[in-house]
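Quick mapping for you: the protein sequence lines, in order, are chains A and B. Mapped onto our numbering, the consecutive letters of the first sequence carry residue numbers 1 to 156. Mapped onto our numbering, the consecutive letters of the second sequence carry residue numbers 157 to 312. Here a beta-carbon is modelled for each residue, glycine too, at the ideal position from N, C-alpha and C. Encoded as C-alpha cells, the structure appears first; notes follow it.
There are 2 protein chains.
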Amino acid sequence: MASTSAPAVRRRFFDDLVRCETRLYNAVGERLRAEHGIVASQFEMLRYLRDHPGARVAEMASTFAAGIGAISKGVDRLTARGWATREPNPADGRSSLIVLTDDGAALVAEAERTFDRVLADLVGPTLDEEELAAGASALAALRRALEAARVGVPTG
Amino acid sequence: MASTSAPAVRRRFFDDLVRCETRLYNAVGERLRAEHGIVASQFEMLRYLRDHPGARVAEMASTFAAGIGAISKGVDRLTARGWATREPNPADGRSSLIVLTDDGAALVAEAERTFDRVLADLVGPTLDEEELAAGASALAALRRALEAARVGVPTG
DNA sequence: CCGAAGTGGATGCCATGGCATACATTGTCC
DNA sequence: GGACAATGTATGCCATGGCATCCACTTCGG
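What follows is the structure, encoded as C-alpha cells:
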C-alpha cells in the first residue's frame, strides 16, 4: 500500500529543503556579518578560494550555481576589501587566477570558527549523528547528480 | 573512534544542503518561468495562499523566513497580475486577508503539475524511496526546530 | 473616552544577482 | 598568418529582497 504518493513526498522534501536552507543561510549570514563584516556568500567564496587557490571565475560560478556576472562582481568586492587578488593567468590571457591575500586567509580562518559554532548550535541539538549522516548522504548523492547534469545553473 | 569530526560533518551537510537547494530552486524556477510566466517564489506564494486562504502578510513572512517588505511587494505583484486580492480584514483594519482569484487558483494547479514533473525528473532517478524518506525526515525535524526557535528570519 | 504605546503593513533606499551585451584573447581553418 | 568563430570575463540594466522608516489602526491605562 502506498499511503502517500511519490509526488507528495517530493513536494514535502523540496519545501523542507528550501526552508532549512533559507533559515540556516540567513542565520549564518547574520552572525558572520555581526562578527566579521562579511555576508554568507562572501564566506563561501573565501572558503572556496582557500581550498582552491588560483581558481577562475567560471569554475566558481559552476560550483555555486551562480552566473558569471555575479561571481565576477563578488570577486570585485573581495579584492576591493583586500581579501583576494586577481593574478594574471600565464596560460590564458582572458582569465585571471584568483588567490586569497594573507588578510583573506586570516579572515576565513576566524569566520569558519563562527560558522562552525552557529551550525553546532542550530543543527547539533536537533539531529543526532545518525540522522545527520542519513540526511547528509541523501543530499550528497543528490548534489552529485545535479552537478553532473549541470542542473540549475543560470545563463549569465 | 570518531574518524570524522562533528564540525566537518556539519560543514559538508551545510554545503550539500545549500547546493542542492540552489540548483533545484533554479531549475524549478526556469521551468515555471518558461511554461507559466512565474518565478519560483511566486509559485510558493500561490501554493501557500491556496492552502491557507485569507493568509496575512506577517504569517507568510514567517513561513518563508522573509522580511515583511518582501512579502508585501510580492503580494503587490500577484494582485497586479490578477492572481490574488487583498480583502479587508473585519477583525483588524490594519491587515488584509489575502486570497487567490480564480485565475490564481487555476494557475497554481497547472504550475504544480510542472513542479511535480521537474522534481520527479531531478530527484526521482537519484534518490530511491528510502533515501528520500531518510533525507526528508532529517530535514523535517530540522525545519521544525528552526521554526520553533524563529531562526533566520530577517528583521524587515 | 483620550492619549500614548504597540502592532501590521506599505514604502524608499540600497545591495545583490540574473540576463544581455560588449570586449579581449585564443583557437581554427584555409 | 589572417579572417572568423569560440571562449572567458567584465559591465549595464532591471528585478528582487533586506532594512529603516512611516502611517494607520488597535489596545491599554487612566
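* **Every unbroken beta strand (DSSP E) inside the stretch 72-130 of chain A [3 residues or more]** => 84-88, 96-100
* To do: Can you grab the Cα-Cα spacing for the pair Asp227/B / Asp92/A, in whole Å?
  => What you label residue 227/B is simply residue 71 of the second sequence in a count that begins at 1. What you label residue 92/A is simply residue 92 of the first sequence in a count that begins at 1. Per the sequence presented here, residue 227/B reads as Ile, with Asp not at that position. Distance between the alpha carbons of Ile227/B and Asp92/A is about 45 angstroms.
* To do: Taking 8 angstroms as the threshold, find out whether the stretch 291-309 of chain B comes into contact with the stretch 111-127 of chain A through three or more Cβ pairs.
  => yes
* Asked: Are Arg23/A and Val213/B touching if we call contact CB-CB under 9 angstroms?
  -> Here residue 23/A corresponds to residue number 23 of the first sequence, with the count starting at 1. Here residue 213/B corresponds to residue number 57 of the second sequence, with the count starting at 1. No; because the gap between Cβ atoms is not below 9 angstroms, this pair is not in contact.
* Excluding five sequence neighbours on each side, which residues of the same chain lie with their C-beta closer than 8 angstroms to the C-beta of Gly54/A? -> On the first sequence, residue 54/A is found 54 positions in, with the first residue counted as 1. Hits under 8 angstroms: Glu87, Leu97, Ile98, Val99.
* Whose CA, out of Val174/B, Arg167/B, Gln198/B, Asp171/B, lies closest to the CA of Leu263/B? -> One-based indexing of the second sequence puts residue 263/B at position 107. Checking every option, the nearest Cα to that of Leu263/B belongs to Gln198/B.
* To do: Can you check DSSP and say which residues form a bridge with Ala138/A?
  => The residue given as residue 138/A occupies position 138 in the first sequence. Its beta-bridge partners do not exist; DSSP assigns none.
* With a threshold of 16 other CB atoms inside 10 Å of the CB of Arg150/A, please say whether the residue is buried or exposed. => Against the first sequence, residue 150/A aligns to sequence position 150. So Arg150/A ends up on the exposed side.
* Where Ala133/A sits in the DSSP three-state scheme -> Here residue 133/A corresponds to residue number 133 of the first sequence, with the count starting at 1. In this structure, Ala133/A counts as helix in the three-state DSSP scheme.
* **Neighbourhood of Asn89/A by C-beta, 7 angstroms cutoff - its chain only, sequence neighbours within 5 removed** => Position 89 of the first sequence, counting from 1, holds the residue named residue 89/A. So the list reads Ser95, Ser96, Leu97, once near-sequence residues are dropped.
* Using a Cβ-Cβ cut-off of 9 angstroms, state whether Val255/B counts as contacting chain A. => As a position in the second sequence, residue 255/B is number 99, starting the count at 1. No, Val255/B lies away from the interface with chain A (no Cβ there is under 9 angstroms from its Cβ).
* Asked: What is the residue span of the alpha helix (DSSP H) that Gly29/A lies within?
  -> Within the first sequence, numbered from 1, the residue matching residue 29/A stands at position 29. First-last of the alpha helix (DSSP H) with Gly29/A: 6-36.
* Asked: Hey, does Glu110/A have any beta-carbon neighbour from chain B nearer than 9 angstroms?
  -> Within the first sequence, residue 110/A is the residue found at index 110, counting from 1. Not closer than 9 angstroms to any Cβ of chain B, the Cβ of Glu110/A fails to qualify, so no.
* Asked: Which residues mark the beginning and the end of the alpha helix (DSSP H) in which Thr63/A is found?
  -> Within the first sequence, residue 63/A is the residue found at index 63, counting from 1. Note, Thr63/A: alpha helix (DSSP H), 57-64.
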